[in-house]
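Visitor: For the sequence shown, the positions run 0 to 150 when numbering that gives the first Met the number 0 is used.
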Amino acid sequence: MENKKAVIRDVIFGEDVTVVEPVNMYECSVGDNCFVGPFVEIQKEVTIGNNCKVQSHSFICEFVTIGNECFIGHGVMFINDLFEKGKPAGGDKSLWKSTLIGNNVSIGSNATILPVNICDNVVIGAGSVVTKTIETPGVYAGNPAKLLRKL
Numbered sequence: 000m001e002n003k004k005a006v007i008r009d010v011i012f013g014e015d016v017t018v019v020e021p022v023n024m025y026e027c028s029v030g031d032n033c034f035v036g037p038f039v040e041i042q043k044e045v046t047i048g049n050n051c052k053v054q055s056h057s058f059i060c061e062f063v064t065i066g067n068e069c070f071i072g073h074g075v076m077f078i079n080d081l082f083e084k085g086k087p088a089g090g091d092k093s094l095w096k097s098t099l100i101g102n103n104v105s106i107g108s109n110a111t112i113l114p115v116n117i118c119d120n121v122v123i124g125a126g127s128v129v130t131k132t133i134e135t136p137g138v139y140a141g142n143p144a145k146l147l148r149k150l
């Protein structure tokens, strides 16, 4: 049996960042004035902007970029593998997709974000599943997430 411990490795931190352990964070970057709660995993090649909060139990996979002034609620899951060949891509990163989150985006607890782009000034309701790119600022909710009202 191999027992691995939570790790913070090769992370570029801005100023005044708070991280509540245990977390797994590696080969990523986190901007100024950010908060990362416990039981979070942030994988390599993730970039998180300034003044962001990532609440507990969230998973931010490779190829995710998050803008400034963003809130990621508890248990939010980002996905980069769409199982395009009917099974997990495994180590074939050429099948993985990227996600871009704009500025001033709030994502409610237990939301799932597939590989999409989300523009600035968006609220994603708790438990929502975002399956398509969002180009209009507003409040979105549901499975799949739909525009409820513009902001």
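In this text, a Cβ means the ideal position worked out from N, Cα and C, and glycines have one as well.
1. Which residues mark the beginning and the end of the beta strand (DSSP E) in which K145 is found?
2. What are the residues that DSSP puts in a beta bridge with G137?
3. According to DSSP, which residues form a beta bridge with M24?
4. If I follow the unbroken beta strand (DSSP E) through T64, where does it start and stop?
5. Which residues in the same chain as T132 place their Cβ atom closer than 8 Å to its Cβ, once the five residues preceding and following it in sequence are excluded?
6. Decide if A155 is buried, meaning its Cβ has at least 16 other Cβ atoms within 10 Å, or exposed.
7. Can you tell me whether L113 is helix, strand or coil according to DSSP?
8. Taking contact to mean at least 3 C-beta pairs separated by less than 8 Å, is the segment 77 to 95 in contact with the segment 24 to 40?
9. So what's K52 in DSSP terms, helix, strand or just coil?
10. What did DSSP end up calling S93 once you bin it into helix, strand or coil?
11. Helix, strand or coil for V104, going by three-state DSSP, please let me know.
12. Specify the secondary structure class of T17 as computed by DSSP and reduced to three states.
13. Residues in the same chain with beta-carbon distance under 8 Å from Y139, minus the five sequence neighbours each way, listed in chain order, please.
14. Quick one: residues in its chain with C-beta nearer than 6 Å to the C-beta of V104, no 5 flanking neighbours on either side, listed in chain order?
15. What does the alpha-carbon distance come out to for the pair P136 and N50?
16. If you draw a straight line from the alpha carbon of G36 to that of N102, how long is it in whole angstroms?
Guide: Looking at the coordinates:
1. If you number the sequence shown from 1, residue 145 lands on position 146. Residues K145 to K149.
2. Counting from one through the sequence shown, the residue named residue 137 turns up at place 138. V121 and K149.
3. By 1-based counting over the sequence shown, the position of residue 24 is 25. According to DSSP, which records beta bridges pairwise, M24 is partnered with I7 and I41.
4. Walking along the sequence shown from the start, residue 64 turns up at place 65. Residues V63 to I65.
5. As a working mapping, residue 132 is identified with position 133 in the sequence shown. Contacts found: V115, N116 and I117.
6. Absent from the structure is residue 155, since the part of the chain shown begins at 0 and ends at 150.
7. Along the sequence shown, one-based indexing puts residue 113 at 114. Looking at L113 - three-state DSSP - the assignment turns out to be coil, as it is neither helix nor strand.
8. no
9. Numbered from 1 along the sequence shown, position 53 holds the residue referred to as residue 52. DSSP places K52 in strand when its eight states are reduced to three.
10. Start at 1 with the first residue of the sequence shown, and residue 93 comes out as number 94. S93: helix per DSSP, three-state reduction.
11. For the purposes of this step, residue 104 is identified with residue 105 of the sequence shown, where counting begins at 1. V104: strand per DSSP, three-state reduction.
12. What you label residue 17 is simply residue 18 of the sequence shown in a count that begins at 1. The answer is strand: DSSP assigns T17 an E or B state.
13. The residue labelled residue 139 in the question sits at position 140 within the sequence shown. Closer than 8 Å at the Cβ level, and outside the excluded window around Y139, lie V121, V122, I123, G124, S127, V129, I133, K145, L146 and L147.
14. Residue 104 sits at position 105 when you count from the first residue of the sequence shown. Contacts found: C69, I117 and V121.
15. Start at 1 with the first residue of the sequence shown, and residue 136 comes out as number 137. Start at 1 with the first residue of the sequence shown, and residue 50 comes out as number 51. Cα to Cα, the separation comes out at about 20 Å.
16. Within the sequence shown, residue 36 is the residue found at index 37, counting from 1. Within the sequence shown, residue 102 is the residue found at index 103, counting from 1. Going from the Cα of G36 to the Cα of N102 covers about 20 Å.
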